[in-house]
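There are 2 protein chains.
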Amino acid sequence: MKSAQQTDLNASTEEKIKEAARIVFTRKGYAATRTRDIAEESGYNLALINYYFRSKEKLFDIIMLEQLQVFVQSISGIVNDQTTTLQEKINLLVSHYIDMLIANPGLPIFIMNEVNANPEKFISKIGIDVGIKDVFILKQWHEMAERHNAPTINPLHLIMNLVSMTVFPFIASPLLRNKTEMSVEEFNSMMMERKKLIPIWIMAIVQSTFDS
Amino acid sequence: MKSAQQTDLNASTEEKIKEAARIVFTRKGYAATRTRDIAEESGYNLALINYYFRSKEKLFDIIMLEQLQVFVQSISGIVNDQTTTLQEKINLLVSHYIDMLIANPGLPIFIMNEVNANPEKFISKIGIDVGIKDVFILKQWHEMAERHNAPTINPLHLIMNLVSMTVFPFIASPLLRNKTEMSVEEFNSMMMERKKLIPIWIMAIVQSTFDS
DNA sequence: AAAATATTTAATCAGCTGATTAAATATTTT
DNA sequence: AAAATATTTAATCAGCTGATTAAATATTTT
């Protein structure tokens, strides 16, 4: 049992262990990581890992929850901002996501894989409470459609396209980089290019609906 | 040791075990599957699994190789066909992939995850030997650009977009279906819609390059 | 029916892994 | 310096897991 004071004093150690756990879990997945790997990565010993976190699963739950928050972080802020245009929102979303993914390239595979392996477990934890109906970006989207007096694409398709073009390359990256002999740096600069391109492409897709 | 004759006689059993292994491996990943799970799923017992395949890893390698082949199967056929137009190739690729993924929805997460966990191991095995330079679809793409007298997008971006919009929804499916309370059937019919839509969107993206 | 082959049963094993514990040592706080 | 706290060391454990084996039984082939 630790007092609040102890927790403060040990914050640094606890954080180091969590960081090590994050690295190993995201690299190898829950099932393939051994607590001994985390001990080694952290520089501390096995007993201490269990002293701080009681069990592998408890430590994993903490990491997973934090990583899920990183993944959905600040979306609802962008998406509900009343002061930005639809176009600006798209720019911000893509730009924000690509920055986040360059900093955390292993995150999407990790999350998708663990959710896939254990869907029930994450139902509750994933807080994309974006009621999906009342989001401001969707109002703007429907207004635009009305202005053009045209039927819109199901907005889910549009969101799918945006997220797909942004996130998927990071998922395919191990395969892609391998097959095209691309370095991480080349891959990243390609993704930086896409920051500008994806919003243009999304608008082209939107326009194609109005043209036909 | 099995003679050729025995192998023939047991083909059905061997196939049943492999099918069970495919199901469990793709659902839970290599590390989280126990050979006992495969035995249970197959309806045979543990001893027989090892009698036929010697070890968990050997069985896994066989499954993974086959699944990789499913994943890249017939692409090079479509992509190098001299009798189809660029537009037809895009239609065929998307349509073929979505059919395959509806039949094997767990495949992309499985492959991406295992390749990520063990990149070296799969370098050799993945036979997308599509020299990526001499592919006919790329010639057609560059010809189109010349006709429009316009700079093209890096074709890698274009391929990324096509594959992203096609494959990513299946990767996000566990998360997506959960959050939008969508059934598998609803999800699938959405993907069937995308068979028609993605080629249109891809062409809209291509046009946007020529317009600017 | 006899022979050959396939499959199950049951027992067993060694190594791995998550976890616990008590005592020793190091570090920080008072 | 003494007390409190953090960390390591070392030993130990039980359960899981992949794998093996020999004998018994079932099924198929000849």
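Chains as they are written, first to last, in the working numbering: chain A, 1 to 212; chain B, 1001 to 1212. Positions of the beta carbon are idealized from the N, C-alpha and C atoms, including for glycine.
Inter-residue Cα distance where the pair is residue i and residue j
{"i": "M182(A)", "j": "L1048(B)", "result": "43 Å"}
{"i": "L1093(B)", "j": "I17(A)", "result": "46 Å"}
{"i": "V136(A)", "j": "L176(A)", "result": "Rather than Val, the amino acid found at residue 136(A) in this sequence is Phe. Looking at the two C-alpha atoms, the distance is approximately 36 Å."}
{"i": "L59(A)", "j": "G43(A)", "result": "16 Å"}
{"i": "L101(A)", "j": "D1061(B)", "result": "30 Å"}
{"i": "S1074(B)", "j": "H1096(B)", "result": "9 Å"}
{"i": "E1186(B)", "j": "K1195(B)", "result": "15 Å"}
{"i": "I1153(B)", "j": "Q207(A)", "result": "19 Å"}
{"i": "E66(A)", "j": "N1113(B)", "result": "20 Å"}
{"i": "L46(A)", "j": "R1027(B)", "result": "30 Å"}
{"i": "E120(A)", "j": "F1210(B)", "result": "47 Å"}
{"i": "I111(A)", "j": "L1197(B)", "result": "28 Å"}
{"i": "M192(A)", "j": "I98(A)", "result": "7 Å"}
{"i": "E1019(B)", "j": "L138(A)", "result": "44 Å"}
{"i": "M64(A)", "j": "L1068(B)", "result": "29 Å"}
{"i": "D1081(B)", "j": "P1151(B)", "result": "25 Å"}
{"i": "N1116(B)", "j": "E1041(B)", "result": "26 Å"}
{"i": "T1180(B)", "j": "I38(A)", "result": "35 Å"}
{"i": "L1086(B)", "j": "M1190(B)", "result": "25 Å"}
{"i": "I1078(B)", "j": "G77(A)", "result": "43 Å"}
{"i": "R1054(B)", "j": "E1015(B)", "result": "15 Å"}
{"i": "Q1006(B)", "j": "E57(A)", "result": "Any reading at Q1006(B) must be qualified, since the residue scores a pLDDT of 41, below 50, and its modelled position is unreliable; the value itself is stated next. Their Cα atoms are separated by approximately 45 Å."}
{"i": "M1083(B)", "j": "Q140(A)", "result": "This sequence places Thr at residue 1083(B); Met is not what is there. Roughly 44 Å between the two C-alpha positions."}
{"i": "F1025(B)", "j": "N188(A)", "result": "31 Å"}
{"i": "H148(A)", "j": "L162(A)", "result": "21 Å"}
Range covered by the alpha helix (DSSP H) that runs through residue i
{"i": "R1147(B)", "result": "F1136 to R1147"}
{"i": "Q1087(B)", "result": "L1086 to A1103"}
{"i": "M1064(B)", "result": "K1056 to V1072"}
{"i": "R1036(B)", "result": "T1035 to S1042"}
Assigned secondary structure, residue i (DSSP; H/G/I helix, E/B strand, else coil)
{"i": "P199(A)", "result": "helix"}
{"i": "Y1051(B)", "result": "helix"}
{"i": "S164(A)", "result": "helix"}
{"i": "S1003(B)", "result": "At S1003(B) the pLDDT is 35, less than 50, meaning the model places this residue with poor confidence and gives no usable figure here."}
{"i": "I1017(B)", "result": "helix"}
{"i": "P1108(B)", "result": "helix"}
{"i": "G1077(B)", "result": "helix"}
{"i": "I153(A)", "result": "coil"}
{"i": "N118(A)", "result": "coil"}
{"i": "Q1082(B)", "result": "coil"}
{"i": "S1183(B)", "result": "coil"}
{"i": "Y30(A)", "result": "coil"}
{"i": "N113(A)", "result": "helix"}
{"i": "N1045(B)", "result": "coil"}
{"i": "S1012(B)", "result": "helix"}
Partners in chain A for residue i, counting only beta-carbon separations shorter than 7 Å
{"i": "A1021(B)", "result": "Chain A residues near A1021(B): none, gap ~16 Å exceeds 7 Å."}
{"i": "P1174(B)", "result": "V115, N116 and P119"}
{"i": "M1160(B)", "result": "P169"}
{"i": "N1178(B)", "result": "P119 and I123"}
{"i": "S1208(B)", "result": "I200, W201 and A204"}
{"i": "S1183(B)", "result": "Under the 7 Å cutoff, chain A gives no residues; its nearest Cβ is about 14 Å from S1183(B)."}
Contacts of residue i in chain A (Cβ-Cβ under 9 Å)
{"i": "A1103(B)", "result": "Those do not exist, as A1103(B) stays about 17 Å from chain A at its closest Cβ, beyond 9 Å."}
7 Å Cβ cut-off: residues of chain B touching residue i
{"i": "I137(A)", "result": "Simply none; closest approach about 16 Å."}
{"i": "L197(A)", "result": "H1157"}
{"i": "A31(A)", "result": "G1029, A1031 and A1032"}
{"i": "I109(A)", "result": "M1112, N1113 and N1116"}
{"i": "M192(A)", "result": "Those within 7 Å of M192(A) in chain B number zero; the least Cβ separation is about 12 Å."}
{"i": "M100(A)", "result": "By Cβ distance, chain B contributes nothing, its closest Cβ being about 16 Å from M100(A), past 7 Å."}
{"i": "M144(A)", "result": "None at all; the shortest Cβ gap to chain B is about 16 Å."}
Partners in chain B for residue i, counting only beta-carbon separations shorter than 8 Å
{"i": "K56(A)", "result": "Result: empty, since nearest Cβ-Cβ is about 13 Å, beyond 8 Å."}
{"i": "K89(A)", "result": "The premise fails here: K89(A) is roughly 19 Å from chain B at the closest Cβ pair, so nothing lies under 8 Å."}
Contacts of residue i in chain B (Cβ-Cβ under 9 Å)
{"i": "S76(A)", "result": "Going along chain B, no residue has its Cβ under 9 Å from S76(A), so there is no contact; the nearest lies around 13 Å."}
{"i": "S189(A)", "result": "Within chain B, no residue comes near S189(A); the closest Cβ sits about 11 Å away, beyond 9 Å."}
{"i": "S12(A)", "result": "Here the premise fails: no neighbours, minimum Cβ distance about 30 Å."}
Chain-ordered chain A contacts of residue i [CB-CB under 8 Å]
{"i": "M1064(B)", "result": "Neighbours of M1064(B) on chain A: none; closest Cβ ~13 Å, over 8 Å."}
Looking at C-beta atoms only, is the number of pairs between the segment 159-172 of chain A and the segment 1157-1170 of chain B that lie closer than 8 Å three or more? yes
Any contact between the segment 100-109 of chain A and the segment 42-58 of chain A? By contact I mean 3 or more CB pairs, one from each, below 8 Å. no
Report yes or no: do the segment 25-35 of chain A and the segment 1029-1039 of chain B share at least 3 C-beta pairs separated by less than 8 Å? yes
Three Cβ pairs or more, each shorter than 8 Å: is that satisfied between the segment 1139-1150 of chain B and the segment 1185-1202 of chain B? The segment 1139-1150 of chain B is not in contact with the segment 1185-1202 of chain B.
Three CB pairs or more closer than 8 Å across the segment 75-94 of chain A and the segment 150-157 of chain A: no
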